[in-house]
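This report concerns only the one structure given below.
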Amino acid sequence: MRRFFAAFLFALSILMGATAVILVLPFSRRTMPTRIMQWWGRTVLWGAGIKLQVEGLEHVDANRPCIYMSNHESTIDIPALIAALPVHLRFVYKQSLGYVPFVGWAIWAMGMVPIDRSNRSKAMVSLKKAGKQVKSGLPVLIFPEGTRAHGTGLLPFKKGGFVLALNAGLDVVPITLVASHKLCSRNSFLARSGVLRVVIHPRIQVENVASVPRDQLMQRVRESMSSAINY
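So the sequence shown is residues 1193 to 1423, counted in my numbering.
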């Protein structure tokens, strides 16, 4: 059964944006955003008729800084990851998304990190900011493909997130959303009710640039994600 949940998602995003501005700024920018985002993510999944099957939660350690990296196939991926990961998660997002009414307000108020991919120097400044957030205890999630695929396997990885991990000495935890495009396609707001499998892979330890060459780190993350992909 398919559910058209665009209006539902839009209404929830308006509510999240307003709530974030009202509650986050005067209070904690650490715990309050997490509560709002997890409520939003779980409610979006409920409206879409999607249940999560999360594997590998033992690899999540809120006391050890890391960067989460996930594949990206559909509109439902972000709410699914927010609902699946029991941490104070922050995202690196395309700067243009910040101009979207309500959604832009929410992600700004909740301390997400914008990135301008068209300007390399600005992008590196954003990534350094993301690194500081991780070291302060706020893990960051990055989609290394840079955009959404559509059930055709992993796209080539962008280098920025890996440069951040290596320069800052931050571990990487790969995640695979298994065939999320079958429940909600790349640019669609039609969702098929069902179960979405989320696989959290073992942490890849990174001490510094010399400990793991960039290409090797990219390959290890790619192999982890690919190991659970099932089309």
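We treat Cβ as the ideally placed atom computed from N, Cα and C, and that holds for glycine.
Taking C-alpha positions only, Gly-1386 is separated from Ala-1240 by approximately 9 Å. Listed in chain order, the non-local C-beta contacts of His-1393 below 8 Å within the same chain comprise Gly-1248, His-1251, Val-1365, Pro-1366, Ile-1367, Thr-1368, Ser-1416, Met-1417, Ser-1419 and Ala-1420, local neighbours out to five positions each way being set aside. In this model, Lys-1324 and Phe-1335 are separated by some 18 Å (Cα to Cα).
As the crow flies, the alpha-carbon of Lys-1327 is around 6 Å from that of Pro-1257.
For the region 1239-1318, the full-length alpha helix (DSSP H) segments reaching 4 residues or more read 1269-1276 and 1295-1301 along the chain. Taking Pro-1331 as reference, the option from Ile-1274, Leu-1237, Ala-1315 and Glu-1399 with the minimal CA-CA separation is Ile-1274. Straight through space, the alpha carbons of Met-1261 and Arg-1340 are spaced by roughly 13 Å. The DSSP assignment places 1352-1360 as complete runs of the alpha helix (DSSP H) inside the region 1335-1389, in order along the chain (cut-off: 4 residues).
In the structure shown, the three-state DSSP call for Val-1236 is helix. A Cβ-Cβ contact shorter than 8 Å links Ala-1383 with Ile-1242. Around the Cβ of Ala-1254, a 10 Å sphere holds fewer than 16 other Cβ atoms; the residue is exposed. Its chain contains Ala-1315 and Leu-1319 as the residues whose beta carbon lies nearer than 7 Å to that of Gly-1352, once the 5 sequence neighbours on both sides are disregarded; these appear in chain order.
Looking at the DSSP output, Val-1332 shares a beta bridge with Ile-1259 and Arg-1282. Arg-1282 has its alpha-carbon roughly 14 Å from the corresponding atom of Gly-1296. The beta carbon of Lys-1321 sits closer than 7 Å to the beta carbons of Val-1305 from its chain, once the five residues preceding and following it are set aside; these are given in chain order. When beta bridges are read from the DSSP output, Val-1398 appears opposite no residue.
Residues Arg-1256, Pro-1257, Cys-1258, Ile-1259, Ala-1357, Arg-1395, Ile-1396, Gln-1397 and Val-1398 of the same chain have their beta carbon placed closer than 8 Å to that of Asp-1363, with the five preceding and five following residues left out of the count. DSSP, read as helix, strand or coil, puts Ile-1228 in helix. Linking Ile-1268 to Ser-1313 through their CA atoms gives a straight-line distance of about 31 Å.
The DSSP-derived three-state label of Val-1391 is strand. Straight through space, the alpha carbons of Thr-1235 and Gly-1338 are spaced by roughly 26 Å.
Non-local beta-carbon contacts of Gly-1233 in its own chain, meaning distances under 6 Å to residues more than five positions away in sequence, involve Pro-1271, Ile-1274 and Ala-1275 in chain order.
Assignment of Ser-1416 by DSSP, reduced to helix, strand and coil, places it in the helix class.
Taking 8 Å as the cut-off, the Cβ atoms of Arg-1406 and Phe-1349 do not count as close.
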